[in-house]
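Taking it in order: structure first as structure tokens, then the write-up.
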Amino acid sequence: MKLLKINKDHRDFLAANGLGFVDTECVLPRAYEKGEYLFHQGEQLSCIYLLYSGKVSISVTAKNGKTLLLAICTNQTIFGEIEFFTDGLATSSAQAMNRALLLTIPFAQLRDVEGNEKLLYFLGLTLAKKLTRSIQNNTTNILNLADAKVASYILLSNVDGRFKANLTKVAELLGISYRHLLRTLEELCTQGILAKDRHAFVIRDIDGLRALAQDCFVSMDIRLN
């Protein structure tokens, strides 16, 4: 993780997303490389994270050690607002999927203005959006819509149209068996949506992939305008 200096673009981003009232002198930009964790499940948080650019995966680990993917977040996503209200430990883990830049705001600075109706509206709206997303993702997980989960994961994690990953880990994250994942990938190839290329899969039909994904795992929480 690398600490950066706040600039005009960062300030404009905050203002455009309903956080113009925040004292930007307290905002600290942080850059994370692919694979780095922003925070781990069970960690004590001290700030809210705003995803300025890049992609971040959110996952939860059960007591049996298995990890389940909850969301893949793109810019305009917020993390830590639950912990801001509960003053509790992180309920999930956040990991950068590529180079990600986040703007962090200390809880202490936000609590100085916690009576501000704009702040309460902002945090309430982001929590409402996350609840909606959680209901959608739970429906997908409970009904075991493997096609949607696999398609969405490929859509959100591919690099220049190529998907290459540890399939054993992907199956665990998606909550499906390794064999089920392989069958789904083979079916997507049969349909002409993907094509196998040595140790990777190439996207051949992006529209078909999007139709299957059904916005599963997608999260964009903070835009108010």
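Straight run, no breaks: the sequence shown in my numbering ends on number 1097. Yeah, the Cβ is synthetic: ideal placement off N, Cα and C, and Gly gets one too. What you are looking at is a predicted structure, and each value in this text was computed from that prediction instead of being measured.
The beta strand (DSSP E) enclosing residue i, as first and last residue numbers
i, result
"GLN913", "Neither: GLN913 is in no beta strand (DSSP E) and is coded neither H nor E."
"VAL1042", "No beta strand (DSSP E) contains VAL1042, which is instead part of the alpha helix (DSSP H) from 1039-1046."
"SER929", "928-933"
"VAL1074", "1072-1075"
"THR949", "949-951"
"THR939", "939-945"
"ARG902", "900-904"
Assigned secondary structure, residue i (DSSP; H/G/I helix, E/B strand, else coil)
i, result
"PHE1089", "coil"
"GLN1063", "coil"
"SER965", "strand"
"LEU1084", "helix"
"LYS874", "strand"
"ARG1051", "helix"
"PHE956", "helix"
"ASP1069", "strand"
"ARG983", "helix"
"ASN988", "coil"
"LEU1096", "Summary for LEU1096: the model assigns pLDDT 41, below 50, so the residue's position carries little reliability; its value from the coordinates is reported in the next sentence. In the structure shown, LEU1096 sits in coil (DSSP, three-state: anything other than H, G, I, E or B)."
Beta bridge counterpart(s) of residue i as assigned by DSSP
i, result
"CYS919", "PRO978"
"ALA1023", "Beta-bridge pairing links ALA1023 to no other residue."
"VAL894", "Looking at the DSSP assignment, VAL894 forms no beta bridge with any residue, so it has no partner."
"SER925", "LEU973"
"PHE1035", "PHE1073"
Distance between beta carbons of residue j and residue i, contact taken as under 8 Å
i, j, result
"ALA934", "LEU1027", "Wrong, their Cβ atoms sit about 26 Å apart, outside the cutoff."
"LEU923", "CYS945", "6 Å"
"LEU886", "LEU975", "7 Å"
"LEU910", "PHE951", "7 Å"
"LYS1036", "ALA1072", "4 Å"
"VAL932", "GLN913", "6 Å"
Boundaries (first-last residue) of the alpha helix (DSSP H) holding residue i
i, result
"LEU886", "880-888"
Residue i at chain B interface by Cβ criterion, 8 Å
i, result
"GLY914", "Given the protein chain composition of this structure (a single chain), no chain B is represented."
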